[in-house]
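S.K.:
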Amino acid sequence: MSRCSSVPFLLYYHKSQQGPLVILMTENAQGIKAGKTVIKNRNIDVGVVESTELTDDLKHVEIKVRMHTGMQKLLNGNSAFWVVRPEIGFEGITGLSTLFSGAYIALQPGSPGPAPERYRLSDAPPQASPNANGIRITLNSREAGQLMPGYPVLFRGLRVGSVENSRFDMEKRMMRYQVFIASPL
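Residue numbers for the sequence shown follow full-length UniProt numbering, so the first one is 1 and each next one is one higher.
1. Please go through the same chain and pick out, in chain order, the residues whose beta-carbon is closer than 7 Å to the beta-carbon of L139, but skip the five residues on each side of it.
2. Between the segment 24 to 39 and the segment 47 to 63, are three or more C-beta pairs nearer than 8 Å?
3. Using only the alpha-carbon positions, how far apart do S51 and G35 sit?
4. Can you list, in chain order, the residues of its chain whose CB lies under 8 Å from that of N76, leaving out five sequence neighbours each side?
5. What first and last residue would you give for the beta strand (DSSP E) that runs through A182?
6. Unbroken alpha helix (DSSP H) runs of length 4 or more, entirely within the UniProt domain "Mce/MlaD" (20 to 110): which are they?
7. In this structure, how does DSSP classify R156 when only helix, strand and coil are distinguished?
8. Which two residues bound the contiguous beta strand (DSSP E) that contains N133?
9. So, for A106: in the same chain, excluding its five sequence neighbours on each side, which residues have a beta-carbon less than 6 Å away from its beta-carbon?
10. Give me the Cα-Cα distance between P184 and V160, rounded to the nearest whole angstrom.
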């Protein structure tokens, strides 16, 4: 076999051994590096960041991730992605292992279903599993309060949920809080 005729085969073989390409959308790519930042599920590498670039409107970052072969079964409609980096918060100190290795992206698979091509990349892990019974709501506030991820949501003194995410929406000039309320047993 000549060298020239083997090149298309090698290219085909290389492409056929790759897993799916997934796009993560986020506000910024702090700590994310193409070719270095990995995607992990249960502390196992399941993919790697291929590229980071600004969207056409220059308001978001698009992170292209190549999943490893066979890992597409981790992807479905409510899979959750978040960046793991060292943080001190309400729940204590987290992400210390990233001090030397750098940030990574964690993946929590959701319930079975079709996998979209795009997902939202969060700065914090979901407080509840995507499969958990309950409701996720978004609260908007013009006042910049101190509701941090992990803070409890109480009803008559009992914990019924928690704040999952808080961020400032620059366009609307207000705080946005994502809250999970567990359904009663």
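Note that CB positions come from ideal geometry on N, CA and C, so glycine has one too.
M.R.: Looking at the coordinates:
1. In the sequence shown, the residue the question calls residue 139 occupies position 139. Once the five neighbours on either side are set aside, the close Cβ partners of L139 are Y177, V179.
2. yes
3. For this step, residue 51 is matched to residue 51 along the sequence shown. For this step, residue 35 is matched to residue 35 along the sequence shown. Whole-angstrom Cα-Cα distance: 8 Å.
4. Indexing the sequence shown from 1 puts residue 76 at position 76. Correct list, in chain order: P109, G110, S111, P112, G113, P114, A115.
5. Counted from its first residue, the sequence shown places residue 182 at position 182. Where A182 is concerned, the enclosing beta strand (DSSP E) stretches over 174 to 182.
6. 98 to 101
7. Numbered from its first residue, the sequence shown carries residue 156 at position 156. The answer is coil: DSSP assigns R156 none of H, G, I, E or B.
8. In the sequence shown, counting from the first residue as 1, residue 133 sits at position 133. Where N133 is concerned, there is no enclosing beta strand (DSSP E), given that its DSSP letter is neither H nor E.
9. Within the sequence shown, residue 106 is the residue found at index 106, counting from 1. Excluding sequence neighbours, A106 sits near K40, W82, V84.
10. Locating residue 184 in the sequence shown gives position 184, where the first residue counts as 1. Locating residue 160 in the sequence shown gives position 160, where the first residue counts as 1. Rounded to whole angstroms, P184 to V160 spans 8 Å at the Cα level.
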